[in-house]
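Numbering (the working numbering), first residue to last: 3 to 132.
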């Protein structure tokens, strides 16, 4: 009976050893899987953060502007935009003036040439025909 009990003990120890080895193997492969999953998740979170960063910045700017408006503070004057508009208007005005001056000169020259073609040659009143 002792040998039978000893055989069952060895069998139980062998099965427990196999189960232990299987458990360790599964935990190690699970750890590798968890590490790769964590790495992919971190990369996904970084990508999402990169995409959301401008939206977060804009929402914070708007929230600050709303808080300033509610507290009665006026937004600062954006002199850069005003200056850009003035310079752009001056350049556009200069361009229109130059082009219209050239067009008027061309029209005057064309009109003068047409008038010279239509005007009869100068006739001397003293030598006029009866």
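For glycine and all other residues, C-beta sits at the position ideal for the given N, C-alpha and C.
Could you tell me the distance, in whole angstroms, from the CA atom of residue i to the CA atom of residue j?
i           : j           : result
residue 1   : residue 66  : The chain is shown only over 3 to 132; residue 1 falls outside these bounds and no answer can be derived.
residue 26  : residue 34  : 12 Å
residue 87  : residue 118 : 46 Å
residue 116 : residue 103 : 20 Å
residue 37  : residue 43  : 10 Å
residue 53  : residue 78  : 29 Å
residue 13  : residue 31  : 27 Å
residue 97  : residue 111 : 21 Å
residue 9   : residue 17  : 12 Å
Using 10 angstroms around the beta-carbon of residue i, count the other beta-carbons present and answer buried if the total reaches 16, otherwise exposed.
i         : result
residue 4 : The predicted position of residue 4 is uncertain, since its pLDDT is 48 and thus under 50; a value taken from the coordinates is nonetheless stated next. Answer is exposed; the Cβ neighbour count stays below 16.
Threshold first: 3 residues or longer. Then list the beta strand (DSSP E) segments lying entirely within the region 6 to 74, N to C.
Counting only runs of 3 or more, we get nothing.
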